[in-house]
């Protein structure tokens, strides 16, 4: 392991040096001037970060991706061999055969499509709600953030009680008053994923609320005053000033919420267990990699997932980025 | 009715709030309270359950009663909270968590702050490559298995027994996202501040510590809060790499790792589990309440442009 | 703002020093496992336990380890124990075990859950102990962890399950179950009849735990119904599921459970605590519920006069749940297993077995342990049931997948057709078995 790590480190340094060299070569054309002393100071200050990032971020990623081309079985860590694209072949067979992976793909898509707008919408609404100077607004701001810091196991357990299929279950008895029949929310394929979407958005929106608030704080007050002078109403102010002012904040939020949503794991795990109608990509990988012990295969799924999500985010960045 | 409500609003008249506005304010508070309850109910539940015996808990589970404490038997609450401290000694793990958090906060801010400063303010060959790597690692989410990280810490670095403490701190020290955050924040600090110092002959490190950091209270607070929440809530990684303490020795586990172990003990009641969860959430809340102003400021100044 | 900088620096230093001091204080210097400690000349045998050291079970192990070290002092063997509790989430004991395997630091003796025998043996994590354990010792165990005809583990203690019932409810509605004893278990039809009487009296009849499909609970408690109906899950070698998992007899077993749902005797909606607040007649659970009923729910179950335990119902045959954790020697790089064998036999001895089960309240693993359970008591029912009808879960390397498939069937029983459910899952399981061949 140490040997392979050293080889990777050497390759990394060489690639890095090549890029640095390229920078120096093209410096005149780019009208940039490098000073040796500044460069040395810079690298000295960067050194701890580079070393740590290499060891604890880059190296695990590279190893994980490397496993995708091996038959790594968790119980046989000393007996790993290279098998080329076998794992990838199996991935595509599983999808084509409408296996669990196929369901995972569909469910994850459903989750992402549902949770991204819902969570961001909630965050925006909450942020606008607490973006006041009232004392009470400060208190509400703390309350809305609460689910972010409470352990997922507690909130999941509570949601299980709320969504209980019993007639006495909280949601069922509430709807019972309105004459709706009790349902088994999490075992019913039609309602399980929507429930998980709602509770995930609820759990996460407090954090995005803070980021929207920071975006709101960047909008200059005189823009609102100018709009008032023009006789703009609240809605017009929102569309003309607030919305454009939040643009870059939204790009950031969309990208991060999207990435987070693609990796959803804990909620389905705690709410329903491994079931075809709620399994997600990350859950599938967890089950394959840990429970069934196919580390190699699981890494292949991870590699493909990384490529897909990465491509989508890069496109998102292109599309949404302000043209500067 | 309106007048009645108006009377209830403290100092309304003195502050010059009109009755119309006062009603708006009251409506605002009512909506806010309802919304807050929608977000606070887990805490209400935890608080209520922490006052119950196992029988009382079983009787209330699944109905609305689970959100109300057992007023009939408040001695049970004292017993639950007492046990959490006396029987399970969670204060020792809390001290550990505070120490881990402090170490991670300090090292995280130093390492990533320095890197962010270099990326924002200095020009050097290879910078474009590093900027690309930073965005790449944030934007492309690689699902890594925890196995290679474990092997790196245990086999390559050989952090065993007590040295495993470093295995908790070091990986938490580096955060690509925080480098990104610091870079964006520092880019918005006007060049003028530094140039003044440089004319006085200060070197880059001195400029960073004496000029830049003091101007960056909000981002430092933001990073500190999220480091704290991260360390305080993490249980998976620490319980994987830390040895479990032998009896009679000071344990190495942080609070959440200890809690998951304690929860698996036969005979612990739901009330005791909830009491321990309440006790361990308090520090996070205090810190969040104190720092939320800075978080908004920090994110705001950084701009978070991807 | 110099203060902030100084504060940060001082903080880092202070923390690093404190932590290293704390850390050094807690360091264990037991030497490497299986090797001779040069200072004392002792051969160290390392053992990894799946419970917290402070738990009653952990304390029982600890006492046995101390006794071993006292007894083997002259023979220069020293046992060194590590405790890693099996806790919720992925951070528990199994992760520790696998991580140790990855990093090559696996202990000489480990504990493991019985269904893991096949995969641990097949991947050579466990060492074949057939020749290390004398025949008479082997015969004294209620069950053994075998795979491919070889012995890989000795059970620490046994478990069995049954139907806890609320005697108050039964008395109140005049339901008599006194004739259904472990020697003469009730039939599926009689079981259903009791359910009907309970339902007719307006009581939720039975919590079959069909909602507990997120972990091993439902599998462990419900698989005996399929065996009782004459069904099977896999072939004897554990590599064929098609034709077993979806056989008509297996379907009969699942259909019985499904009929309980359809006729309104049980449902997914029964809460985990409903039996304990006195609103459910019967509750399917393992022996570990005995101490809970004795101590935790005084309001409803004041004494053993208020609750009892009934065996599993039988159909074609009688079958009941078994299986617990076992000791096994690992195949780590130490070739000399003599010291490990001594410790294994010590921990699996009648004396140790008795000491451990006295502390945990579970059923002893060895027949020679003296048990003075009163006839008809819950403990007696469990022990006798284990002797007469205990049947282990299928031995297959694909066990984790089996467990998932079983859970998926149980979870969909309420709405789906049993035959098509079983066909789908048999297919999934067979695919995994082919992959493992």
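Protein chains in written order, with the working numbering: chain A, 1 to 324; chain B, 325 to 630; chain C, 631 to 1067.
No residue lacks a Cβ here, since even glycine has one placed at the ideal position from N, Cα and C.
| Asked | Found |
| --- | --- |
| CB of residue 313 of chain A within 8 Å of CB of residue 264 of chain A, strictly | no |
| Cβ contact check for the stretch 228-237 of chain A and the stretch 91-99 of chain A: 3 or more pairs under 8 Å | no |
| Residue span of the beta strand (DSSP E) that contains residue 836 of chain C, given as start and end | 834-837 |
| The beta strand (DSSP E) enclosing residue 796 of chain C, as first and last residue numbers | 791-796 |
| Three-state class that DSSP yields for residue 184 of chain A in the structure shown | coil |
| Proximal residues to residue 1009 of chain C (C-beta, below 6 Å), its chain only, five neighbours per side dropped | 1003 |
| Residue ranges of each alpha helix (DSSP H) within the stretch 266-323 of chain A, 4 or longer | 266-271, 281-286, 295-320 |
| Residue 257 of chain A at chain B interface by Cβ criterion, 8 Å | no |
| Residue 82 of chain A (DSSP reduced to helix, strand or coil) | strand |
| Proximity of residue 639 of chain B and residue 368 of chain B at Cβ, strictly below 8 Å | Residue 639 of chain B lies beyond the residue range present for chain B, which begins at 325 and ends at 630; the question has no answer from this structure. |
| Bridge partners - residue 996 of chain C, DSSP secondary structure assignment | C/771 |
| Alpha carbon of residue 787 of chain C to alpha carbon of residue 1037 of chain C, nearest angstrom | 25 Å |
| Where residue 85 of chain A falls, given that 16 or more other Cβ within 10 Å makes a residue buried | exposed |
| Chain-ordered neighbours of residue 1030 of chain C on chain A, where CB pairs are closer than 8 Å | 291, 292, 293 |
| CB contact below 8 Å: residue 795 of chain C versus chain B | no |
| Backbone CA spacing between residue 296 of chain A and residue 65 of chain A [nearest angstrom] | 9 Å |
| For residue 1048 of chain C, the first and last residue of its enclosing alpha helix (DSSP H) | 1048-1066 |
| Assigned secondary structure, residue 481 of chain B (DSSP; H/G/I helix, E/B strand, else coil) | coil |
| Proximal residues, the stretch 546-566 of chain B versus chain A, C-beta separation under 8 Å | 553, 557 |
| Environment of residue 952 of chain C [buried if 16+ CB atoms lie within 10 Å] | buried |
| Cβ-Cβ distance between residue 969 of chain C and residue 673 of chain C below 8 Å | yes |
| Interface flag, residue 399 of chain B vs chain C, CB-CB below 8 Å | no |
| Residue from A/6, A/108, A/67 whose Cα sits closest to the Cα of residue 276 of chain A | A/108 |
| Among A/11, A/147, A/80, nearest to residue 364 of chain B - alpha-carbon criterion | A/147 |
| C-alpha distance - residue 288 of chain A paired with residue 298 of chain A, whole-angstrom precision | 6 Å |
| Outcome for residue 540 of chain B when other beta-carbon atoms lying within 10 angstroms are tallied against a minimum of 16 | buried |
| Start and end residues, alpha helix (DSSP H) containing residue 607 of chain B | 594-626 |
| Members of the stretch 65-79 of chain A near chain C, C-beta cut-off 8 Å | 73, 74, 75, 76, 77, 78 |
| For residue 678 of chain C: DSSP bridge partner residues | C/712, C/740 |
| Coarse secondary structure for residue 392 of chain B, derived from DSSP in three states | coil |
| Chain-ordered neighbours of residue 275 of chain A on chain C, where CB pairs are closer than 7 Å | 1038, 1041 |
| With 16 other Cβ atoms within 10 Å as the buried cut-off, status of residue 680 of chain C | buried |
| Start-to-end residues for the alpha helix (DSSP H) that takes in residue 574 of chain B | From DSSP, residue 574 of chain B is part of no alpha helix (DSSP H); its letter is neither H nor E. |
| Spatial distance of residue 543 of chain B from residue 625 of chain B (CA atoms) | 8 Å |
| Residue 500 of chain B vs residue 53 of chain A beta-carbon contact at 8 Å | yes |
| Buried versus exposed, by CB contacts within 10 Å (16 or more), residue 532 of chain B | buried |
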